[in-house]
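Single-structure report; data block below.
There are 2 protein chains.
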Amino acid sequence: MQPDVTRLVFMKPRLREHTVTTWARLVRTETTLIDQVQKALKAAKLPPLGWYDVLLELKRAPGGELRQYEIGAQTLLTKYNLSRLVDRLQREGLVERHACAEDGRGNLVRITTAGTELLQRMWPVYGAVLEQQFERRLSVDDLLALENILQKLE
Amino acid sequence: MQPDVTRLVFMKPRLREHTVTTWARLVRTETTLIDQVQKALKAAKLPPLGWYDVLLELKRAPGGELRQYEIGAQTLLTKYNLSRLVDRLQREGLVERHACAEDGRGNLVRITTAGTELLQRMWPVYGAVLEQQFERRLSVDDLLALENILQKLE
DNA sequence: CACATCCGGTTGCATCTACAACTATTAGGG
DNA sequence: CCCTAATAGTTGTAGATGCAACCGGATGTG
Chain F
312 MQPDVTRLVF MKPRLREHTV TTWARLVRTE TTLIDQVQKA LKAAKLPPLG WYDVLLELKR
372 APGGELRQYE IGAQTLLTKY NLSRLVDRLQ REGLVERHAC AEDGRGNLVR ITTAGTELLQ
432 RMWPVYGAVL EQQFERRLSV DDLLALENIL QKLE
Chain B
312 MQPDVTRLVF MKPRLREHTV TTWARLVRTE TTLIDQVQKA LKAAKLPPLG WYDVLLELKR
372 APGGELRQYE IGAQTLLTKY NLSRLVDRLQ REGLVERHAC AEDGRGNLVR ITTAGTELLQ
432 RMWPVYGAVL EQQFERRLSV DDLLALENIL QKLE
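Chains as they are written, first to last, in the numbering used here: chain F, 312 to 465; chain B, 312 to 465.
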């Protein structure tokens, strides 16, 4: 008698009782928090979170510049997505694109003073939400426990 | 001497040492997991996660039907977004729209047999990723701790 | 019951994202 | 060195999302 492949395919993966609900809660909580940040930024007439992420990566980098693929690796943005995002940032004068000496294919993206200024205007808004919706609600132990758990998921 | 408003606006919110890094890790981990699910679904030539969420809500509802705004409340989708998503589901024969007797403005969305079947085809793929990337990596205690922490963030 | 307001839902339009195809350059193997 | 393959980045096009304006139908207040 052959194994019934059909049943295998349709069989529910056996997951622990609370796994799915916790997963759902994780997704729900995270997206809600992100939404709150986005809303706060919009209310303050500031650009979306993606801009912040890219600018921050650049700001942190030595010389304030990175290759595009380096930004992509950090921010989980796809290359085509990033290409156009950098276009927008460039159009607003927040970054500059320079030819890359070592690699003729790529370019270096550098943050401008205007970019740094924008970062400084965005952080208070972003940070305020983080403070109220995230830090405020967690004890130091919670934070450590959460970090420990997240680490296991990477 | 007047208070220096400028300094206040530019002042960094005071966050605990690990708050920001943990937050970053949370976002990163969650989006990575979601990406993995999406990739798995795409590899199996199945529709995106959003379809699953809506269909599941309907499936769980008594009679397999819900008002659109009820779906929206559960899934955190905006109403215009949902309006068009239901259009797509309807076009594929996965749901039906019916006029609502009690409220002449709205409509009832009901899942079809095809919709239920799709759910059953999607779950194994979704669940497999959850099992390997989520459940497998966490102890029962981890899961409880995580649930406890997430609860505080809601 | 008349009126303004609110609410569920849809739609036009602009923006953004996904996918695949493309260019140009670098890297690797015989 | 040459040829192939891999990599960095861009772009055309289609699909999805966000915003604001809109259309009824419901609700509340005088």
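Beta carbons are placed, not taken as given, at the ideal position from N, Cα and C, and that holds for glycine.
>> Could you give the first and the last residue of the continuous beta strand (DSSP E) run that contains R421 of chain B?
In response: One-based indexing of the second sequence puts residue 421 of chain B at position 110. That run of the beta strand (DSSP E) goes N418 to I422.
> Closest Cβ-Cβ distance between R325 of chain B and chain F: below 9 Å?
Replying inline: Position 14 of the second sequence holds residue 325 of chain B. Output row for R325 of chain B: interface = yes.
> Between the stretch 419 to 433 of chain F and the stretch 359 to 372 of chain F, do three or more beta carbon pairs fall short of 8 Å?
Replying inline: yes
> Pick from F:K356, F:D452, F:A410 and F:T389: whose alpha carbon is nearest that of Y437 of chain F?
Replying inline: Numbered from 1 along the first sequence, position 126 holds the residue referred to as residue 437 of chain F. Y437 of chain F has its Cα closest to that of F:K356, out of F:K356, F:D452, F:A410 and F:T389.
> In the DSSP assignment, what residue or residues form a beta bridge with V406 of chain F?
Replying inline: Working through the first sequence from its first residue, we reach residue 406 of chain F at position 95. V406 of chain F pairs with F:I422.
>> For a cutoff of 9 Å on Cβ pairs, would you count P314 of chain F as touching chain B?
In response: To locate residue 314 of chain F, count along the first sequence from 1; it is residue 3. Low confidence applies to P314 of chain F: its pLDDT is 36, below 50, so where it sits in the model is not reliable, and the reading given next is rough at best. No, P314 of chain F does not count as interfacial toward chain B.
> Residues in its own chain within less than 6 Å of G426 of chain B by CB, not counting five upstream and five downstream?
Replying inline: Start at 1 with the first residue of the second sequence, and residue 426 of chain B comes out as number 115. L366, L405 and V406.
> With a CB to CB cut of under 6 Å and the five nearest residues on each side skipped, what residues in its chain are close to L352 of chain F?
Replying inline: Start at 1 with the first residue of the first sequence, and residue 352 of chain F comes out as number 41. V436, listed in sequence order.
> Where does the unbroken alpha helix (DSSP H) through R263 of chain B begin, and where does it stop?
Replying inline: Nothing about residue 263 of chain B can be reported from this structure: the residues present for chain B run from 312 to 465 only.
> Out of curiosity, what's the CA-to-CA distance linking L429 of chain F and Q401 of chain F?
Replying inline: Walking along the first sequence from the start, residue 429 of chain F turns up at place 118. Walking along the first sequence from the start, residue 401 of chain F turns up at place 90. Going from the Cα of L429 of chain F to the Cα of Q401 of chain F covers about 13 Å.
> From V397 of chain F to Y380 of chain B, what distance separates their C-alpha atoms?
Replying inline: In the first sequence, residue 397 of chain F corresponds to position 86, counting from 1. In the second sequence, residue 380 of chain B corresponds to position 69, counting from 1. Approximately 37 Å between the Cα atoms of the pair.
> DSSP state of L344 of chain F, grouped into three classes?
Replying inline: Start at 1 with the first residue of the first sequence, and residue 344 of chain F comes out as number 33. Helix at L344 of chain F.
>> Buried or exposed for E341 of chain F, going by 16 or more other Cβ atoms inside 10 Å?
In response: Here residue 341 of chain F refers to the residue found at position 30 of the first sequence. Answer is buried; the Cβ neighbour count reaches 16.
> Could you give the C-beta distance for L326 of chain F and E446 of chain B, rounded to a whole number, given that I count them as a contact under 8 Å?
Replying inline: Residue numbering aside, residue 326 of chain F sits at position 15 when the first sequence is read from its first letter. Residue numbering aside, residue 446 of chain B sits at position 135 when the second sequence is read from its first letter. That pair is a contact at about 6 Å.
> Taking 9 Å as the CB-CB cut-off, is L377 of chain B touching chain F?
Replying inline: On the second sequence, position 66 is the one that residue 377 of chain B refers to. So no, L377 of chain B is outside the interface.
> From V331 of chain B to V440 of chain B, what does the alpha carbon distance come to, in whole angstroms?
Replying inline: Walking along the second sequence from the start, residue 331 of chain B turns up at place 20. Walking along the second sequence from the start, residue 440 of chain B turns up at place 129. Approximately 28 Å between the Cα atoms of the pair.
> Looking at the C-beta of R399 of chain B, does it have a partner C-beta in chain F at a distance below 9 Å?
Replying inline: Counting from 1 along the second sequence, the entry for residue 399 of chain B is found at position 88. Chain F contact via Cβ: absent.
>> Using C-beta distances below 7 Å, list every residue in its chain close to A410 of chain B, excluding the 5 sequence neighbours before and after it, in chain order.
In response: The residue you call residue 410 of chain B lines up with position 99 of the second sequence. The beta carbon of A410 of chain B sits closer than 7 Å to those of N418, all from its chain and outside the five residues before and after it, given in chain order.
> Which one or two residues does DSSP pair with L377 of chain F in a beta bridge?
Replying inline: Here residue 377 of chain F refers to the residue found at position 66 of the first sequence. Answer is F:V420, bridged to L377 of chain F.
> Name the chain F residues that come within less than 7 Å of R336 of chain B, Cβ to Cβ?
Replying inline: The residue given as residue 336 of chain B occupies position 25 in the second sequence. Residues of chain F passing the Cβ test: E458 and L461.
> Based on Cα-Cα distance, which residue from F:R339, F:L464 and F:R395 lies nearest to A362 of chain F?
Replying inline: Residue mapping note: residue 362 of chain F aligns to position 51 of the first sequence, counting from 1. The question names Ala, yet the displayed sequence has Trp at residue 362 of chain F. Closest by alpha carbon: F:R395.
> Listing by chain order, which chain B residues have their CB less than 7 Å from the CB of H329 of chain F?
Replying inline: Working through the first sequence from its first residue, we reach residue 329 of chain F at position 18. Residues of chain B passing the Cβ test: L454 and E458.
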